[in-house]
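Report on the structure given below.
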Amino acid sequence: MTDRVRFAPSPTGFLHVGSARTALFNWLHARSTGGTFVLRVEDTDAERNRPELVSNLLAELEWLGLDWDEGPHHQSERRERHREVVEDLLGRGLAYLCDADNREVDGSSVTDGLAVRFRMPIGQRVGFDDIVRGEVSFATDDLEDFVIWRSNGSPMFLLANAVDDADMRITHAIRGEDLLSGVPKVLLLLDAMGAPHPTYAHLPLLVNEQRKKLSKRRDDVSIADYRERGYLAEAMVNYLALLGWGPPDDVEIRPLHEIVELFRIEDVNKAPAFFDLKKLEHVNATHLRALPKDEFIERVGPWIDDAPWPADRFDPAIFSTMVDLVQEKLRTFGDTTRFVDFLFLEDPVDDADSWEKTMVKGRSAAEVLDGTAAAFADCAWEAGVLKDVVAEVGEGVGLKLGKAQAPLRVAVTGRTVGPPLFETMADFMERSEVLRRIARARARL
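Take 0 as the starting number for the sequence shown in numbering that gives the first Met the number 0 and just add one per residue.
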């Protein structure tokens, strides 16, 4: 029998990077072993479910390139099957009805207004061999009878999970470490059903800089947010694959098809994985730089369409040429407009931090602008000449070129970071426009 894995999100929120990592590792295991990737929506909790989020979850998986072979199956459509199993457990005395005070109530059939609890066996140990964590066991005496059917007539997560894994012939349950404590209850349910156990692999927790578990309230964890900010799908899956796993040749940045060839679930380690935003940016920037120019221009289109400049001021030809200067410097597609907006706006943006850092706290900003304006008025309008002029002006006030060009960059572009300054002015800006912007900035000092 080929391996069968499943990703089973609940439609109660956005796709979390931790859930995306779980989906990816399941998908990688299926693709690397010739197995089957099943998508199952665990939507039995009607009070918390938001059905409109199902389409969002599916869209994010599709964006990441994680296609599924079966599904999406909806647990809510399998309620009669779940009830059938609960009725069987009640009939065999392996479960019992209980009221709101957790008192056992006589009866052998599901009853409106009453919950159903699984009867925990006494004096046993429940163990399993986890691919990531090794041998794990629990004493049943440390576990309480647990609810498998709600009083409102819906199955609890553990019951639905066990029944669906059995019916869908899931061979490997690859999921987050936070679900580890529920395994003994699932195994007892599977035993009661006479169903085989899947092989478990509990992936390490994702932690932030403080080495605390990633939090929806505290950390940037939404896949949709990263997508909107201009991260590439291929970079996201590349980085997510490195959270708990590493390629045997230590070459971390690579295309997905190579990761599939190298991935083995047995190589996942159990140490918490640090979700490092700087490393994600590095991985994304590397993938971004590798894009052919035509593909870059096509894929950055949505960010250009939403840019702050008037549509009639945008020149596609200038932008196409500018790509050669800025693509190497970008971290995300979302950075693109910040690097080129000064070319398509009447005046550069007023970036308060850049102005404060360079014009207010920086040395000799006024002297640099005065000297540059005077020299720019009649020098040759070539990148090399402009660079030499600014270097000479800087030398006159005791500044090296890097420091001397900073006030000029802020005056012309509005920011401290951008494309190569001298090439941009020489190739894309008129002398008169550069001088106007220098004068405008000088008037503020």
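Cβ coordinates follow ideal geometry from the N, Cα and C atoms, glycine included.
If one requires a minimum length of 4 residues, the alpha helix (DSSP H) runs lying completely within the segment 337–402 are 351–354, 364–375 and 382–395, in chain order. One thing to note: Arg174 has its Cβ within 9 Å of the Cβ of Ala200. Shown here for Glu366: same chain residues with a beta carbon closer than 7 Å to its own, the five before and five after excluded, namely Val396 in chain order. Around the beta-carbon of Asp334, 16 or more other beta-carbon atoms lie within 10 Å, marking it buried. Under DSSP, no beta-bridge partner is assigned to Pro246.
Straight across, the Cα-Cα distance linking Leu204 with His286 is about 26 Å.
In the DSSP annotation of this structure, the continuous segment of the beta strand (DSSP E) that includes His73 starts and ends at Glu69 to His73.
Just measuring C-alpha positions, the residue of Ala410, Phe375 and Phe421 sitting nearest Val359 is Ala410. About 16 Å separates the Cβ atoms of Ala7 and Leu63, ruling out a contact at the 8 Å cut-off. Secondary structure at Phe127: strand, using DSSP grouped into helix, strand and coil. Note: Leu205 is bridge-paired with Ala272 in the DSSP secondary-structure output. Under the 8 Å Cβ criterion, the segment 64–76 counts as touching the segment 29–38, having at least three qualifying pairs.
Taking a C-beta distance under 9 Å as the contact criterion, Leu329 and Arg288 qualify as a contact pair.
Taking one beta carbon from each stretch, the segment 175–182 and the segment 102–119 have fewer than 3 pairs nearer than 8 Å; the two do not touch. Boundaries cannot be given for Arg210, as no alpha helix (DSSP H) includes it and DSSP labels it neither H nor E. When secondary structure is reduced to three states using DSSP, Phe36 falls in the strand class.
As summarised for the segment 281–336, the continuous alpha helix (DSSP H) elements at least 4 residues long and confined to that stretch are 292–298, 300–304 and 315–325, given in chain order.
Look at Glu143 here: in three-state DSSP terms it is coil, with no helix or strand label. An exposed status is given to Ser108, since fewer than 16 other beta-carbon atoms sit within 10 Å of its beta-carbon. Residue ranges of uninterrupted alpha helix (DSSP H) with 4 or more members, entirely inside the segment 130–198 and ordered along the chain, are 156–166 and 182–192. Our two residues, Arg116 and Val185, have alpha carbons roughly 13 Å apart in a direct line. Collapsing the DSSP output to three states places Glu41 in coil. Between the C-alpha atoms of Asp224 and Leu231 there is a straight-line separation of about 12 Å.
The alpha-carbon of Leu398 is positioned some 37 Å away from that of Leu290. In the structure shown, Tyr225 falls within a helical segment according to DSSP collapsed to helix, strand and coil. In this structure, Glu233 keeps its C-beta atom at 9 Å or more from the C-beta atom of Leu261.
In this structure, the straight-line span from the alpha carbon of Met428 to that of Arg217 is close to 43 Å. Its chain contains Cys378 as the residues whose beta carbon lies nearer than 6 Å to that of Val384, once the 5 sequence neighbours on both sides are disregarded; these appear in chain order. In its chain, beyond the 5 residues on either side, Ala365, Leu368, Asp369, Ala372 and Ala410 have a beta carbon closer than 8 Å to the beta carbon of Arg441.
With a contact defined as Cβ atoms closer than 8 Å, Arg30 and Thr170 miss out at about 15 Å. Burial is judged here by how many other beta carbons sit within 10 angstroms of a residue's own beta carbon; Gln326 has at least 16 and is buried. By the Cβ rule, the segment 139–146 does not count as touching the segment 82–90, because fewer than three pairs are nearer than 8 Å. Going by DSSP, Val115 is part of the beta strand (DSSP E) stretching over Ala114 to Phe117. According to DSSP, residue pairing for Phe13 in a beta bridge does not occur. Taking Ala374 as the centre and dropping the five residues before and after it, the same chain places the C-beta of Val388 and Val392 closer than 7 Å to its C-beta, in chain order. Boundaries for Arg91: no alpha helix (DSSP H) harbours it, and the DSSP string shows neither H nor E there.
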